[in-house]
Amino acid sequence: DAKTTQPTSMDCAEGRAANLPCNHSTISGNEYVYWYRQIHSQGPQYIIHGLKNNETNEMASLIITEDRKSSTLILPHATLRDTAVYYCIVRPRGAGNNRKLIWGLGTSLAVNP
Amino acid sequence: GAVVSQHPSRVICKSGTSVKIECRSLDFQATTMFWYRQFPKQSLMLMATSNEGSKATYEQGVEKDKFLINHASLTLSTLTVTSAHPEDSSFYICSADRGSEAFFGQGTRLTVV
Chain A
8 DAKTTQPTSM
18 DCAEGRAANL
28 PCNHSTISGN
38 EYVYWYRQIH
48 SQGPQYIIHG
58 LKNNETNEMA
68 SLIITEDRKS
78 STLILPHATL
88 RDTAVYYCIV
98 RPRGAGNNRK
108 LIWGLGTSLA
118 VNP
Chain B
374 GAVVSQHPSR
384 VICKSGTSVK
394 IECRSLDFQA
404 TTMFWYRQFP
414 KQSLMLMATS
424 NEGSKATYEQ
434 GVEKDKFLIN
444 HASLTLSTLT
454 VTSAHPEDSS
464 FYICSADRGS
474 EAFFGQGTRL
484 TVV
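Line by line, the protein sequences give chains A and B.
The numbering of the first sequence is the working numbering, which starts it at 8 and goes up by one.
The numbering of the second sequence is the working numbering, which starts it at 374 and goes up by one.
This is the structure:
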């Protein structure tokens with residue numbers, strides 16, 4: 008079973024920030040929070056990951072609470088092309104089979120014009 | 374650009390025939406690759422972990438004789454769906470780790486008629 012819970016769906020207006028929450032209350036100390044998205048009929052795309060500090064890259068920002076039990080992915084200026092299913096996954100760092108990803112149902116984000 | 378290439382993107386086959394799907398890591402070596410299956414409106418389900426030079430590790434409930442995995446080189450893993458049936462129709466996705474990130478192929482839409 009997935010170790011994360013996310014809202015099933017969200018809407019966002021084009022140009023506004025999209026804030027996608029994720030709960031991972033059972034996260035272990037060696038587990039990172041990863042975010043991926045999947046546009047319809049395509050393979051998932053990596054967005055960002057973090058351990059305990061907030062992270063930012065060209066796609067998004069990741070805010071992790073101090074207790075690490077939840078996080079928020081922020082798309083600062085959502086566009087229509089950001090419409091996708093967003094997955095939050097916890098995963099230990101390192102190589103090998105223990106790094107296999109367990110996927111939940113994710114959040115279906117609809118960006119509206 | 375893509376770092377994991379999957380081929381073909383779409384395939385239609387007759388019931389009872391076999392279909393091979395290729396997954397290649399581009400410009401990096403992948404000792405481990407992962408194969409997923411995704412049914413409509415569902416999340417990705419891990420089928421098996423492909424290990425270069427050794428046998429694949431299958432998830433519970435996945436028939437290893439039906440879904441043959443070969444990982445003969447550090448850049449190529451193949452999944453062969455043998456004696457395909459309509460219930461095998463699905464979206465198949467591979468992934469490979471480069472460093473701490475997982476990269477995904479474009480996916481293969483298999484339709485068995």
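No residue lacks a Cβ here, since even glycine has one placed at the ideal position from N, Cα and C.
Quick caveat: nothing in here was measured; it's all calculated off a predicted structure.
Practice task
Given a cut-off of 8 Å, decide if Thr90 (chain A) and Pro28 (chain A) are closer than it, judged by their beta-carbon atoms.
Solution key: In this structure, Pro28 (chain A) lies away from Thr90 (chain A), with their beta-carbon atoms at least 8 Å apart.
Problem - Cβ neighbour criterion (16 or more within 10 Å) applied to Leu108 (chain A) - result: With 16 or more Cβ atoms within 10 Å of its Cβ, Leu108 (chain A) is classed as buried.
Exercise for the section: Assign Pro459 (chain B) to one of three DSSP states: helix, strand, or coil. Expected result: DSSP places Pro459 (chain B) within a helical segment (H, G or I) once states are collapsed to three.
Practice task
Determine, using beta carbons only, whether Phe477 (chain B) comes closer than 8 Å to chain A.
Solution key: With 8 Å as the cut-off, Phe477 (chain B) counts as an interface residue toward chain A.
Exercise for the section: To the nearest angstrom, report how far apart Cys396 (chain B) and Pro120 (chain A) are at their CA atoms. Expected result: For Cys396 (chain B) and Pro120 (chain A), the distance between alpha carbons rounds to 36 Å.
Exercise for the section: Can you give me the start and stop residues for the beta strand (DSSP E) that Gly57 (chain A) sits inside? Expected result: Boundaries of the beta strand (DSSP E) harbouring Gly57 (chain A): 52-57, taken from the DSSP string.
Handout entry: Contact check, Ile46 (chain A) vs Lys10 (chain A), beta carbons under 8 Å
Key = Lys10 (chain A) sits away from Ile46 (chain A), with the two beta carbons spaced by 8 Å or more.
Handout entry: Three-state secondary structure (DSSP) of Leu87 (chain A)
Key = Helix.
Practice task
Would you please state the rounded distance, in angstroms, between the beta carbons of Leu452 (chain B) and Tyr465 (chain B)? I believe it to be under 8 Å.
Solution key: Tyr465 (chain B) and Leu452 (chain B) do touch by the CB rule: their CB atoms are close to 7 Å apart, below 8 Å.
Exercise for the section: Could you work out which residue in B:Leu441, B:Pro413, B:Ser382 is closest to Ala421 (chain B) when comparing CA atoms only? Expected result: Answer by Cα proximity: B:Leu441.
Exercise for the section: Could you tell me whether the Cβ atoms of Lys59 (chain A) and Ile70 (chain A) are closer together than 8 Å? Expected result: Cβ atoms of Lys59 (chain A) and Ile70 (chain A): not closer than 8 Å.
Handout entry: C-alpha gap between Trp408 (chain B) and Ser423 (chain B), whole angstroms
Key = If you take the alpha carbons of Trp408 (chain B) and Ser423 (chain B), they lie about 7 Å apart.
Handout entry: Which residues DSSP lists as bridging Trp42 (chain A), in chain order
Key = Within the DSSP secondary-structure output, Trp42 (chain A) pairs in a beta bridge with A:Ile55, A:Cys95.
Practice task
Take Val40 (chain A) as the anchor and find which of A:Leu82, A:Ile55, A:Thr15 has the nearest alpha-carbon.
Solution key: The shortest C-alpha separation from Val40 (chain A) is found at A:Ile55.
Exercise for the section: Pull up the CB-CB distance for Ser456 (chain B) and Gly389 (chain B), whole angstroms please, since I reckon it's below 8 Å. Expected result: About 6 Å; that satisfies the 8 Å criterion.
Exercise for the section: Return the Cβ separation of Ile81 (chain A) and Tyr43 (chain A) in integer angstroms, given the expectation that the two are a contact with Cβ distance under 8 Å. Expected result: Wrong, their Cβ atoms sit about 15 Å apart, outside the cutoff.
Handout entry: From B:Ser427, B:Ala445, B:Met418, B:Pro459, residue whose alpha carbon lies closest to that of Val435 (chain B)
Key = Ranked by Cα distance from Val435 (chain B), the first of B:Ser427, B:Ala445, B:Met418, B:Pro459 is B:Met418.
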